[in-house]
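Some notes on the structure that comes next.
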Amino acid sequence: MTDIKEVSGLYGKKLSADMNVVTASRPALTNIENCIINNDGISMAGCVASAYSAGFACLSEDEKELGTAIVDIGGGYTAVGIFKRGKPIYASSIPIGGVHITRDIAYGLCTSIEYAERIKILYGNTIITSIDKNEYITVQNNENDEPIQVPKYKLVDIVRPRVEEILELVKSNFKNRKT
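The letter at position 137 of the sequence shown is residue 386 when you use the numbering used here, and the numbering goes up by one with no holes.
Listed below in structure tokens is the structure:
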């Protein structure tokens, strides 16, 4: 098959297409649609896989053309996708995301989920720098009313394993893809 992008006005004997089919559970889509429709008469025009929308929003035309993998760590899951020749050719998801990192921080630092989310946004990192070894962050501790000082590297020690797990699952997902 040739890589003809615009077929308008061309003649031929055979038409074929390479397609990428994305599936989703009907109940999940129905729930989403019901939430939208029950909200002031707004209707849903369609659905787009997270990896596709992330790719179209974040990747340059060159990146999509040359071939790029995109990893979007969302709340409860991580969307993964591949773009090549300007088109999305693969999309999938992994059931681990930012919420899991937040829970790890809350557990590891004995703080609330809300405060852990704030810490993740402000200080979350997977790399320890020489500055981080000497810097501390203030954490509202669940075990007593007094805030405690925690070295930044301890936060890295909590966040890094979960991010590594997500990236290993992404790697496995890409290796096992059927395209």
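In this text, a Cβ means the ideal position worked out from N, Cα and C, and glycines have one as well.
Owing to the predicted nature of the structure, the values given are computational and were not obtained by experimental measurement.
Touching or not, the stretch 322-336 and the stretch 345-363, by the rule of three or more beta carbon pairs under 8 Å?
yes
Please classify Met250 as buried or exposed, where buried requires at least 16 other C-beta atoms within 10 Å of its C-beta.
Reading the sequence shown from its first residue, position 1 is the one you call residue 250. In this prediction, Met250 scores a pLDDT of 49, lower than 50, which makes its location untrustworthy; no coordinate-derived value is stated.
Please identify the residue among Ala298, Ile281, Gly304, Lys336 whose C-alpha is closest to the C-alpha of Lys254.
Residue numbering aside, residue 254 sits at position 5 when the sequence shown is read from its first letter. Lys254 has its Cα closest to that of Lys336, out of Ala298, Ile281, Gly304, Lys336.
Taking Cβ positions, are Gly419 and Thr272 nearer each other than 8 Å?
For the purposes of this step, residue 419 is taken as residue 170 along the sequence shown, with counting starting at 1. For the purposes of this step, residue 272 is taken as residue 23 along the sequence shown, with counting starting at 1. Here residue 419 turns out to be Val, not Gly, going by the sequence shown. Result no, Cβ atoms of Val419 and Thr272 do not sit closer than 8 Å.
Return the chain-ordered ranges of every alpha helix (DSSP H) run that is complete within the stretch 298-378 and spans a minimum of 4 residues.
299-307, 310-315, 347-358, 362-372
At a cut of 8 Å, does the stretch 291-307 reach the stretch 268-283 through at least three beta carbon pairs?
yes
When the Cα atoms are used, what is the spatial distance from Gln398 to Gly304?
Within the sequence shown, residue 398 is the residue found at index 149, counting from 1. Within the sequence shown, residue 304 is the residue found at index 55, counting from 1. So the two alpha carbons sit approximately 39 Å from each other.
So the beta strand (DSSP E) Val388 belongs to, where does it begin and stop?
Taking the sequence shown and counting its residues from 1, one reaches residue 388 at position 139. That run of the beta strand (DSSP E) goes 385-388.
Can you tell me the Cα-Cα spacing of Lys401 and Val329, whole angstroms?
One-based indexing of the sequence shown puts residue 401 at position 152. One-based indexing of the sequence shown puts residue 329 at position 80. Lys401 and Val329: Cα-Cα distance of roughly 29 Å.
Local Cβ density within 10 Å of Tyr260, reported as buried at 16 or more and exposed below that
As a first step, residue 260 is located in the sequence shown; it is residue number 11 there, counting from the start. Flag for Tyr260 reads exposed.
Evaluate Ala340 with the Cβ neighbour count: other Cβ atoms within 10 Å of its Cβ, from every protein chain shown; 16 or more gives buried, anything less gives exposed.
Taking the sequence shown and counting its residues from 1, the one referred to as residue 340 is at position 91. Answer is buried; the Cβ neighbour count reaches 16.
Specify, as a first and last residue, the run of the alpha helix (DSSP H) that Ile281 falls within.
Locating residue 281 in the sequence shown gives position 32, counting from the first residue. Counting along the chain, the alpha helix (DSSP H) containing Ile281 begins and ends at 275-286.
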